[in-house]
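Asks:
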Amino acid sequence: MADHSVEITEGCRLPVLRKNQEHEDEWPLAEILSVKDISGKKLYYVHYIDFNKRLDEWVTPDRLDIKKLQFPKKEAKTPMKNGLPGSRPSSPERDVKKSLDLHVQSASATSRGKTLPTPKRKAESVSLATQVTAATPVPSLPGSAEASQASVYPAMRDSSFSIKSRDEHEQLTSLTTNGTSSIQRHLIPPQPGRKRKSCGGTDEMVKMFQNNSPRCSTVYLLPGEDSQDSSDGIPSAPRMTGSLVSDRSHDDIVTRMKNIDCIELGRHRLKPWYFSPYPQELTSLPILYLCEFCLKYLKSLKCLQRHLTKCNLRHPPGNEIYRKGTISFFEIDGRKNKAYSQNLCLLAKCFLDHKTLYYDTDPFLFYVMTEYDSKGFHIVGYFSKEKESTEDYNVACILTLPPYQRRGYGKLLIEFSYELSKVEGKTGTPEKPLSDLGLLSYRSYWSQTILEILMDLKSENGERPQITINEISEITSVKKEDVISTLQYLNLINYYKGQYILTLSEDIVEGHERAMQKRHLRIDPKCLHFTPKDWSKRGKW
Numbered sequence: 001m002a003d004h005s006v007e008i009t010e011g012c013r014l015p016v017l018r019k020n021q022e023h024e025d026e027w028p029l030a031e032i033l034s035v036k037d038i039s040g041k042k043l044y045y046v047h048y049i050d051f052n053k054r055l056d057e058w059v060t061p062d063r064l065d066i067k068k069l070q071f072p073k074k075e076a077k078t079p080m081k082n083g084l085p086g087s088r089p090s091s092p093e094r095d096v097k098k099s100l101d102l103h104v105q106s107a108s109a110t111s112r113g114k115t116l117p118t119p120k121r122k123a124e125s126v127s128l129a130t131q132v133t134a135a136t137p138v139p140s141l142p143g144s145a146e147a148s149q150a151s152v153y154p155a156m157r158d159s160s161f162s163i164k165s166r167d168e169h170e171q172l173t174s175l176t177t178n179g180t181s182s183i184q185r186h187l188i189p190p191q192p193g194r195k196r197k198s199c200g201g202t203d204e205m206v207k208m209f210q211n212n213s214p215r216c217s218t219v220y221l222l223p224g225e226d227s228q229d230s231s232d233g234i235p236s237a238p239r240m241t242g243s244l245v246s247d248r249s250h251d252d253i254v255t256r257m258k259n260i261d262c263i264e265l266g267r268h269r270l271k272p273w274y275f276s277p278y279p280q281e282l283t284s285l286p287i288l289y290l291c292e293f294c295l296k297y298l299k300s301l302k303c304l305q306r307h308l309t310k311c312n313l314r315h316p317p318g319n320e321i322y323r324k325g326t327i328s329f330f331e332i333d334g335r336k337n338k339a340y341s342q343n344l345c346l347l348a349k350c351f352l353d354h355k356t357l358y359y360d361t362d363p364f365l366f367y368v369m370t371e372y373d374s375k376g377f378h379i380v381g382y383f384s385k386e387k388e389s390t391e392d393y394n395v396a397c398i399l400t401l402p403p404y405q406r407r408g409y410g411k412l413l414i415e416f417s418y419e420l421s422k423v424e425g426k427t428g429t430p431e432k433p434l435s436d437l438g439l440l441s442y443r444s445y446w447s448q449t450i451l452e453i454l455m456d457l458k459s460e461n462g463e464r465p466q467i468t469i470n471e472i473s474e475i476t477s478v479k480k481e482d483v484i485s486t487l488q489y490l491n492l493i494n495y496y497k498g499q500y501i502l503t504l505s506e507d508i509v510e511g512h513e514r515a516m517q518k519r520h521l522r523i524d525p526k527c528l529h530f531t532p533k534d535w536s537k538r539g540k541w
């Protein structure tokens with residue numbers, strides 16, 4: 001559909017033909033990032049708008065819909081200020097800064113016996129500046145987590161006592177959190193944020209509680225006032241030390257385009273998703289060859305074969321700290337094994353877009369998961385973490401290589417990172433922002449882990465089991481904010497009589513049981529041989 005009389009340049013937007021997941025034709029809008037000419041035939045590198053960058057690709061002219069071509073808009077000239085060309089428009093911050101500078105100058109000038117004219121916009125600029133408000137934070141759940149306790153008890157339907165809501169009958173068992181033995185049963189319409197009145201006397205409530213079923217339960221939750229929803233938020237300011245987060249401020253056309261066509265790693269050939277800063281001379285090769293044990297990159301199969309005769313590694317360098325069956329984990333110090341760590345970062349950058357690459361790997365530890373066979377230990381995935389994290393991050397980057405995805409290895413990596421946090425006696429959270437696939441994996445892991453804790457609570461000596469948000473965090477090593485955000489994501493939290501209650505419905509319970517039946521790979525803490533180090537002492541480095 002391409003019209004060769006129209007010149008398509010970088011920045012143009014137009015529909016491009018592609019196949020969707022159902023292998024049907026679709027024409028999403030795409031932006032032309034680059035144009036190249038091979039043997040007189042033009043190819044266009046396109047980015048599909050509102051699609052992930054890993055779907056970017058080179059396309060031929062016949063896949064372009066020229067009829068709907070949108071040319072790039074020309075950049076507007078600098079706006080005028082007060083009708084004077086060449087002046088920049090005023091802004092509150094600039095005016096405040098200018099006013100402060102003038103104020104400082106006038107003070108210094110006065111000390112020397114001179115005076116300066118008062119700026120006319122000073123009062124206006126200050127008033128404008130005071131109108132700038134911070135982003136509204138996510139409301140935290142009130143109360144003290146240490147003082148409050150949540151009680152879990154089963155509940156069931158009772159036809160003798162019910163109230164119709166707009167959608168369906170929803171039944172909750174609400175238990176007091178003040179340590180007394182009073183038990184109340186309420187039926188609450190699903191309207192979050194409203195206080196409800198109790199439905200009947202105490203005798204009726206206690207009688208209804210006697211017939212119960214373990215299929216659903218209600219928990220009172222009262223976390224600390226400092227809790228905030230930080231499930232997938234982006235930090236307000238980038239960290240200055242050790243962070244691998246890409247601030248996206250240095251993106252250009254080169255880094256927005258995949259530069260490696262194919263990577264051969266052992267018995268697998270991988271198609272990279274994103275740009276990775278491999279040496280320029282290797283980017284024009286049809287296949288980039290990697291040694292699967294030391295991850296050294298080579299330009300040809302002959303070079304790889306020659307390298308394998310000299311490479312003695314059959315597993316990642318470092319200490320093997322976990323082994324169960326064919327799964328092993330190796331701990332690699334970024335300072336002691338710098339070449340391997342840098343090669344691992346280069347490989348990982350092909351599949352991670354939200355992280356930047358630092359050649360200074362000294363502040364990081366790398367935990368590489370491998371699968372063992374007769375030929376050696378083959379890399380499956382890895383995660384990295386800072387030796388010293390001031391913000392309780394227990395993961396900086398995490399990746400399962402594409403050939404091993406959708407097989408449970410991602411959740412295994414996440415579970416292992418939290419097992420390390422348990423041994424260290426800390427709660428941890430992954431460094432934000434997470435990729436789309438990373439966020440899905442973490443939300444799934446958090447949901448299954450928290451539901452597993454809640455469903456395993458049992459009554460002891462006839463007394464109600466009790467648990468707090470802090471106790472869930474301590475048991476799982478999941479940071480308190482992640483626990484709360486997961487409960488909110490699952491819509492388990494309801495507001496009732498000034499308190500937050502958590503309701504486990506039958507659908508949630510059944511869905512969790514189905515998910516756990518599919519989860520065959522688990523970390524066995526008995527097979528972990530790990531001693532944490534105090535990295536604050538420089539001698540350990």
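Sequential numbering of the sequence shown, starting at 1, is according to the UniProt record's numbering. Here a beta-carbon is modelled for each residue, glycine too, at the ideal position from N, C-alpha and C. All of these numbers come straight from a predicted model, not from anything done at the bench.
Got a sec? Which residues, its chain only, sit under 6 Å from Arg166 by beta carbon, not counting five neighbours each side?
Replies: Residue confidence is low: Arg166 scores 36 on pLDDT, short of 50, so the model does not pin down where it sits. No coordinate-derived value is stated.
Asks: State the Cα-Cα distance for the pair Val59 and Tyr48, rounded to the nearest angstrom.
Replies: About 12 Å.
Asks: Considering Ser417, what are the terminal residues of the alpha helix (DSSP H) in which it resides?
Replies: 409 to 424
Asks: Cβ of Ile398 within 9 Å of Cβ of Ser421?
Replies: Remark: C-beta atoms of Ile398 and Ser421 do not approach each other more closely than 9 Å.
Asks: Can you tell me which of the three DSSP states Asn343 falls into?
Replies: helix
Asks: Measure the beta-carbon distance from Asp333 to Leu365 and round it to whole angstroms, keeping in mind my assumption that it falls under 8 Å.
Replies: Contact flag correct, Cβ pair sits at about 6 Å.
Asks: Cα separation between Ser39 and Pro61?
Replies: 14 Å
Asks: Is residue 543 helix, strand or coil when you go by DSSP?
Replies: In the structure as shown, the chain starts at 1 and stops at 541, and residue 543 therefore has no counterpart that could be examined.
Asks: Does the beta-carbon of Val380 have 16 or more other beta-carbons within 10 angstroms, so that it is buried, or is it exposed?
Replies: buried
Asks: Select from Ile414, Glu460, Glu264, Lys458 the residue whose C-alpha is nearest the C-alpha of residue 543.
Replies: Residue 543 falls outside the range modelled here, since the chain spans only 1 to 541, and no answer is possible.
Asks: Could you tell me which residues DSSP pairs with Glu26 in its beta bridges?
Replies: Arg18
Asks: Just mark Pro272 as buried or exposed, buried being the case when its beta carbon has 16 or more other beta carbons within 10 Å.
Replies: buried
Asks: In the DSSP assignment, find the alpha helix (DSSP H) that holds Ser384 and state where it starts and stops.
Replies: Where Ser384 is concerned, there is no enclosing alpha helix (DSSP H), although the beta strand (DSSP E) it sits in stretches over 376 to 386.
Asks: Can you tell me the Cα-Cα spacing of Leu504 and Arg514, whole angstroms?
Replies: 15 Å
Asks: So Asn394 packs on Thr429, CB below 8 Å; how close in whole Å?
Replies: 7 Å
Asks: Identify, in the order they occur along the chain, each residue of the same chain with its Cβ nearer than 8 Å to the Cβ of Lys338, setting aside the five sequence neighbours on each side.
Replies: Thr361, Asp362
Asks: Whole angstroms are fine: how far does the CA of Leu454 sit from the CA of Val423?
Replies: 22 Å
Asks: Taking 7 Å as the limit between beta carbons, can you name the residues of its chain near Cys527, skipping five residues before and five after?
Replies: Tyr322, Arg323, Lys324
Asks: Express the C-alpha separation of Leu492 and Glu510 in angstroms, rounding to a whole number.
Replies: 15 Å
Asks: Ignore the nearest five residues each way along the sequence and tell me which others in Leu521's own chain have a CB closer than 6 Å to its CB.
Replies: If we look at Leu521 and ignore the five residues flanking it on each side, its Cβ neighbours are Gly408, Leu412.
Asks: With a CB to CB cut of under 8 Å and the five nearest residues on each side skipped, what residues in its chain are close to Arg269?
Replies: Cys262, Ile263, Ile287
Asks: Give the secondary structure of Val395 by DSSP, where H, G and I count as helix, E and B as strand, and everything else as coil.
Replies: strand
Asks: Is Trp446 helix, strand or coil by DSSP?
Replies: helix
Asks: Secondary structure at Leu492, three-state DSSP: helix, strand or coil?
Replies: coil
Asks: Looking at the structure shown, is Gly266 part of a helix, part of a strand, or coil, going by DSSP?
Replies: coil
Asks: Is the CB-CB distance between Ser341 and Met369 below 9 Å?
Replies: no
Asks: Between the Cα of Ala348 and the Cα atoms of Asn494, Ser276, Trp27, Ser473, which residue gives the shortest distance?
Replies: If we check each option's Cα against that of Ala348, Ser276 comes out closest.
Asks: Tell me which residues share the same chain as Arg519 and place their Cβ nearer than 8 Å to its Cβ, disregarding the 5 neighbours each side in the sequence.
Replies: Gly408, Lys411, Gln448
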